[in-house]
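These protein sequence lines map, in sequence, to chains A and B.
Read left to right, the first sequence gives residues 240 to 290 (my numbering).
Read left to right, the second sequence gives residues 2 to 522 (my numbering).
Beneath this line is the structure, given in structure tokens, with notes to follow.
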Amino acid sequence: MSMIIGMDPWVFVAWIGTIIVAIICVLYGIYIEFFTKDDEKITPSKKKEVK
Amino acid sequence: MDIIFFIIFMTLFAAVFSFLGYLGYKKTKTAEDYYVAGRKMGPIVIAFSYGATFISAVALIGFSGMASIYGHSLLWLAFLNIFVGILIAFVFYGFRTRKMGLSLKAVTLPELLGNRFNSKKLQATSGSIIAVFMIFYTTAVFLAIASLFEITFGIPYWVCVVIFTIVVGVYLIVGGLYAVMWTHAIQGVLMLVGMLILAIGIYGMLGGIGPAHEAAGALTHEQLKGIGWAAVPAGFTTLTSMPETFSPAFMFLLTLIFGVGIGVLAQPQLVIRYLSAKDEKSLRRAIPYGGIFILLMTFLAFSVGPLCNVLMINNGLTYPGTPDKVVPLIVNELFPSWFVILFLFAVLSAAMSTASALFHTAGTSIGRDVCEKGFMKNCTEKKSILITRTATLGIVIATLLLSLYPPDVVAVLTSFFFGLMACTFLAPYTLMLYWKKISRAGAWAGMLGGFIFTMLWYILVYFKTAPQLIGNTITNNYMINMLDPIFIGLPLSFILTFVISKLIKQDNSEIETMKLAFENI
């Protein structure tokens with residue numbers, strides 16, 4: 240079986256997949272930081288709680 | 002010399018954490034402050050606290066030791082840790098949980114369930130389940146770390162247990178979730194530094210990523226037996242290849258990867274982190290920090306585990322008997338003494354951060370969910386905090402006693418904590434967030450059905466627990482014995498929740514709370 244960086248293809252997919260998903264997390268953070276507005280204003284409900 | 006280092010570092014640890022506990026105490030004015038840090042936490046603290054709670058000493062030492070036997074295949078768990086444990090968890094659960102928690106004024110997972118379904122009994126029952134199993138889980142965390150310190154520093158086991166429990170107990174009870182999350186940030190940094198140096202050191206000794214993996218992949222079964230492996234797992238191929246499909250080694254990995262990888266979604270101690278966020282943007286901004294943190298923890302831990310075998314062969318070391326001792330052995334033998342101390346305190350940080358989060362969640366479950374909401378009426382905020390502080394003290398003392406006189410069942414109960422929480426809470430929790438028609442009866446059915454099935458599976462069938470609890474398993478088919486209950490218990494819990502909700506509809510009070518719950522969503 241051919242090896243990639245010393246790992247079999249399925250193990251390599253896990254290895255590179257972990258790195259890619261971490262990069263996606265970082266890209267998501269960059270998107271949120273620089274391309275979205277801070278527009279949320281949620282407050283605790285004023286409605287009476289149901290007993 | 003070692004003991005002097007221990008005393009210096011431990012004193013420093015205790016001083017810094019006690020100070021943070023004091024700051025937390027000064028900042029804690031309301032019950033919300035104590036339970037969810039006033040819902041004021043920013044992204045970095047949330048991410049580090051989530052990560053440090055998630056990654057315990059067991060994950061760093063125990064799972065990297067597992068990787069030394071099962072190889073790099075365990076990296077699938079690191080993948081799920083980030084993909085499910087961070088991305089899916091925050092995006093599909095975190096934001097909604099926070100919004101719903103705010104609408105329903107809930108500060109714990111049981112309270113979220115209780116308020117959503119307008120049932121204090123549901124809250125008290127789920128709080129009790131969480132508290133009981135968390136005590137055992139926390140005990141196991143202390144058992145592991147105290148044993149490690151006993152071996153390294155020669156300090157009696159009971160002294161380690163007493164010191165660790167007192168340090169964590171003091172800052173937690175006094176400072177509430179503020180202190181817990183701030184200490185997590187410091188502990189998280191220490192864990193990051195420790196793991197980074199460990200990984201760079203090991204890859205450096207083996208000539209880089211490619212050569213290190215090739216060297217691990219080239220080890221034969223005979224070489225591995227030669228360094229002291231008791232046996233090569235059936236179906237094992239090499240340290241850098243997947244095991245044979247559906248072999249015992251494959252089934253073991255499957256169960257570990259999915260049990261922990263999916264189970265993370267319904268961990269009560271992690272749900273509290275969502276509720277502590279000051280706004281949705283903070284939760285969103287926590288995602289990259291969380292992703293990087295987990296990458297540098299589990300990905301590195303599972304990557305270096307298999308490489309330890311190469312280092313043992315290259316340096317004439319023998320396998321230390323159990324997987325838990327593999328990484329400590331390599332650190333002790335091949336790294337400078339300053340790093341040995343640093344690494345041990347990184348592992349201690351991992352243990353303390355998880356333990357403090359578990360203590361806080363278990364204490365809150367007993368104090369808030371069981372006592373206050375179950376038995377008391379019209380509780381003031383001051384009284385609420387006092388009850389939970391007292392309950393937390395009780396949990397700390399119970400854990401201390403269990404750690405000093407650990408029954409055999411502790412290790413067994415720990416191994417199924419993640420799966421049990423997932424099978425019990427994930428279905429009602431998920432459907433509660435996304436399905437407006439879920440009913441109280443459906444939530445009860447899903448929760449108790451998942452709980453009872455999982456307990457029975459662990460007692461009667463599961464290969465790691467059944468032999469220790471009843472002497473044997475009721476079937477000899479390893480494909481069934483090695484299957485994590487999450488594969489059956491979780492779908493069963495979802496089906497029960499859905500079907501019973503369809504059969505027994507919401508009453509008027511449930512419809513009102515449902516409208517309240519979705520007010521901000």
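Backbone N, C-alpha and C define an ideal beta-carbon position, used for all residues, glycine too.
Just so you know, these numbers come straight off a predicted model, no measurement behind them.
Straight-line gap, B:Pro468 to B:Thr126 (C-alpha atoms, nearest Å): Position 467 of the second sequence holds residue 468 of chain B. Position 125 of the second sequence holds residue 126 of chain B. Between the alpha carbons of B:Pro468 and B:Thr126 lies a distance of about 29 Å.
Nearest candidate by alpha-carbon position, reference B:Leu75, set B:Phe84, B:Phe64, B:Val85 and B:Ile83: Within the second sequence, the letter at position 74 stands for residue 75 of chain B. The shortest Cα separation from B:Leu75 among B:Phe84, B:Phe64, B:Val85 and B:Ile83 belongs to B:Phe64.
Chain-order list of residues whose beta-carbon lies under 8 Å from that of B:Thr319 (same chain, five-residue window excluded): Locating residue 319 of chain B in the second sequence gives position 318, where the first residue counts as 1. Non-local beta-carbon contacts of B:Thr319 in its own chain, meaning distances under 8 Å to residues more than five positions away in sequence, involve Ile228, Gly229 and Met313 in chain order.
Through-space distance from B:Leu81 to B:Tyr204, alpha-carbon basis: Taking the second sequence and counting its residues from 1, one reaches residue 204 of chain B at position 203. Taking the second sequence and counting its residues from 1, one reaches residue 81 of chain B at position 80. Put simply, the backbone Cα of B:Tyr204 is about 24 Å away from that of B:Leu81.
Per-residue DSSP class, three states only, for A:Ile243: On the first sequence, residue 243 of chain A is found 4 positions in, with the first residue counted as 1. Strand, per DSSP.
Any chain A beta carbon closer than 8 Å to B:Ile201: Stepping through the second sequence from its first residue, residue 201 of chain B is reached at position 200. False, the Cβ-Cβ gap to chain A never drops below 8 Å.
Rounded distance between the beta-carbons of B:Gly395 and B:Gly177, thought under 8 Å: As a working note, residue 177 of chain B is residue 176 in the second sequence. As a working note, residue 395 of chain B is residue 394 in the second sequence. About 16 Å separates the two Cβ atoms, so there is no contact after all.
Own chain partners of B:Ile487 with C-beta closer than 7 Å, once the 5 adjacent residues on each side are dropped: Mapped onto the second sequence, residue 487 of chain B falls at position 486. The beta carbon of B:Ile487 sits closer than 7 Å to those of Phe259, Gly260, Ile263, Gly264, Gly420, Ala423 and Cys424, all from its chain and outside the five residues before and after it, given in chain order.
Beta carbon proximity, B:Thr241 to chain A, threshold 8 Å: Counted from its first residue, the second sequence places residue 241 of chain B at position 240. Yes - at least one Cβ of chain A is within 8 Å of the one on B:Thr241.
At least 3 beta-carbon pairs within less than 8 Å: the segment 99 to 116 of chain B vs the segment 321 to 334 of chain B: The answer is no - the segment 321 to 334 of chain B does not touch the segment 99 to 116 of chain B, with fewer than three Cβ pairs under 8 Å.
Distance, B:Leu493 Cα to B:Ile201 Cα: As a working mapping, residue 201 of chain B is identified with position 200 in the second sequence. As a working mapping, residue 493 of chain B is identified with position 492 in the second sequence. Approximately 44 Å, taken between the alpha carbons.
Cβ contact check for the segment 360 to 370 of chain B and the segment 4 to 13 of chain B: 3 or more pairs under 8 Å: Too few Cβ pairs lie closer than 8 Å, so no.
Cβ contact check for the segment 36 to 54 of chain B and the segment 334 to 349 of chain B: 3 or more pairs under 8 Å: Judged by Cβ distances under 8 Å, the segment 36 to 54 of chain B makes no contact with the segment 334 to 349 of chain B, as fewer than three pairs qualify.
Any alpha helix (DSSP H) of 4 or more consecutive residues that is wholly inside the segment 445 to 508 of chain B: Complete alpha helix (DSSP H) runs here, min 4: 467 to 471, 479 to 482 and 487 to 504.
B:Leu42 (DSSP reduced to helix, strand or coil): Position 41 of the second sequence, counting from 1, holds the residue named residue 42 of chain B. As written in the sequence, residue 42 of chain B is Met, which differs from the Leu given in the question. Under the three-state reduction of DSSP output, B:Met42 falls in the strand class.
CB-CB length for B:Ala217 against B:Thr241, believed under 8 Å: Taking the second sequence and counting its residues from 1, one reaches residue 217 of chain B at position 216. Taking the second sequence and counting its residues from 1, one reaches residue 241 of chain B at position 240. The pair is a contact, with the Cβ atoms about 6 Å apart (cut-off 8 Å).
Closer than 8 Å to chain A by CB, B:Glu215: As a first step, residue 215 of chain B is located in the second sequence; it is residue number 214 there, counting from the start. Taking Cβ atoms only, chain A reaches closer than 8 Å to B:Glu215, which makes this a yes.
Alpha-carbon spacing of A:Val289 relative to B:Ile198, whole angstroms: Here residue 289 of chain A refers to the residue found at position 50 when the first sequence is read from its first residue. Here residue 198 of chain B refers to the residue found at position 197 when the second sequence is read from its first residue. Unreliable positioning characterises A:Val289 in this predicted model, as indicated by a pLDDT of 46, which lies under 50. The coordinate reading is nonetheless provided below. Just so you know, the alpha carbons of A:Val289 and B:Ile198 end up roughly 54 Å apart.
Any alpha helix (DSSP H) of 4 or more consecutive residues that is wholly inside the segment 235 to 302 of chain B: Those alpha helix (DSSP H) runs which fall completely within the segment 235 to 302 of chain B and span 4+ residues are 249 to 264, 269 to 276 and 281 to 295.
Close Cβ partners of B:Thr239 (< 6 Å) along its chain, the five nearest in sequence each way excluded: On the second sequence, position 238 is the one that residue 239 of chain B refers to. Same-chain partners within the cutoff: Gly218.
The segment 257 to 274 of chain A / the segment 287 to 301 of chain B touching (three or more Cβ pairs under 8 Å): Judged by Cβ distances under 8 Å, the segment 257 to 274 of chain A makes contact with the segment 287 to 301 of chain B, as three or more pairs qualify.
Contact set between B:Pro289 and chain A, taken where Cβ atoms lie within less than 7 Å: Position 288 of the second sequence holds residue 289 of chain B. Simply Cys264, Val265, Tyr267 and Gly268.
Separation of B:Gly211 from A:Ile243, as counted between CA atoms: Position 4 of the first sequence, counted from the first residue, corresponds to residue 243 of chain A. Position 210 of the second sequence, counted from the first residue, corresponds to residue 211 of chain B. The C-alpha of B:Gly211 is placed about 9 Å away from the C-alpha of A:Ile243.
Complete alpha helix (DSSP H) runs within the segment 2 to 31 of chain B (minimum length 4 residues, chain order): Whole alpha helix (DSSP H) segments, 4+ residues: 3 to 28.
Neighbour flag for B:His73 against chain A, beta carbons, 8 Å: As a first step, residue 73 of chain B must be located in the second sequence, where it is residue number 72. Closer than 8 Å: yes.
Same chain only: Cβ atoms within 8 Å of B:Ala90, ignoring 5 sequence neighbours per side: Here residue 90 of chain B corresponds to residue number 89 of the second sequence, with the count starting at 1. The residues are Val265, Leu266 and Leu271.
Rounded straight-line distance, which links the Cα of B:Ile398 to that of B:Ala392: Translated into the one-based positions of the second sequence, residue 392 of chain B becomes position 391. Translated into the one-based positions of the second sequence, residue 398 of chain B becomes position 397. Looking at the two C-alpha atoms, the distance is approximately 10 Å.
Cβ of B:Phe80 within 8 Å of any chain A Cβ: One-based indexing of the second sequence puts residue 80 of chain B at position 79. The beta carbon of B:Phe80 falls within 8 Å of a beta carbon belonging to chain A, placing the residue at that interface.
Separation of A:Gly256 from B:Leu301, as counted between CA atoms: In the second sequence, the residue the question calls residue 301 of chain B occupies position 300. In the first sequence, the residue the question calls residue 256 of chain A occupies position 17. Taking the straight line from one Cα to the other gives about 14 Å.
is_contact[B:Phe137, chain A] using C-beta, thresh 8 Å: As a first step, residue 137 of chain B is located in the second sequence; it is residue number 136 there, counting from the start. No, its Cβ sits nowhere closer than 8 Å to a Cβ of chain A.
8 Å contact criterion, which B:Ser277 and B:Ala60 should meet: CB distance rounded: For the purposes of this step, residue 277 of chain B is taken as the residue at position 276 of the second sequence. For the purposes of this step, residue 60 of chain B is taken as the residue at position 59 of the second sequence. Between B:Ser277 and B:Ala60 the beta-carbon gap is near 22 Å, outside 8 Å, which marks them as no contact.
CB of B:Tyr479 within 8 Å of CB of B:Met243, strictly: The count along the second sequence starts at 1 and reaches residue 479 of chain B at position 478. The count along the second sequence starts at 1 and reaches residue 243 of chain B at position 242. Going by C-beta atoms, B:Tyr479 is not nearer than 8 Å to B:Met243.
Interface residues of the segment 376 to 399 of chain B facing chain A [CB-CB below 8 Å]: Using a CB distance below 8 Å, no part of the segment 376 to 399 of chain B faces chain A.
Same chain, Cβ closer than 8 Å to B:Met196, five either side skipped, listed in chain order: Reading the second sequence from its first residue, position 195 is the one you call residue 196 of chain B. Closer than 8 Å at Cβ, skipping near neighbours: Leu61, Leu297, Met298, Leu301, Ala302 and Ala347.
B:Cys309 to B:Tyr94 span [Cα, whole Å]: Residue 309 of chain B sits at position 308 when you count from the first residue of the second sequence. Residue 94 of chain B sits at position 93 when you count from the first residue of the second sequence. Going by the C-alpha atoms only, they are around 37 Å apart.
Element boundaries [alpha helix (DSSP H), containing A:Trp254]: Walking along the first sequence from the start, residue 254 of chain A turns up at place 15. If you look at A:Trp254, you'll find it in the alpha helix (DSSP H) that goes Pro248 to Phe274.
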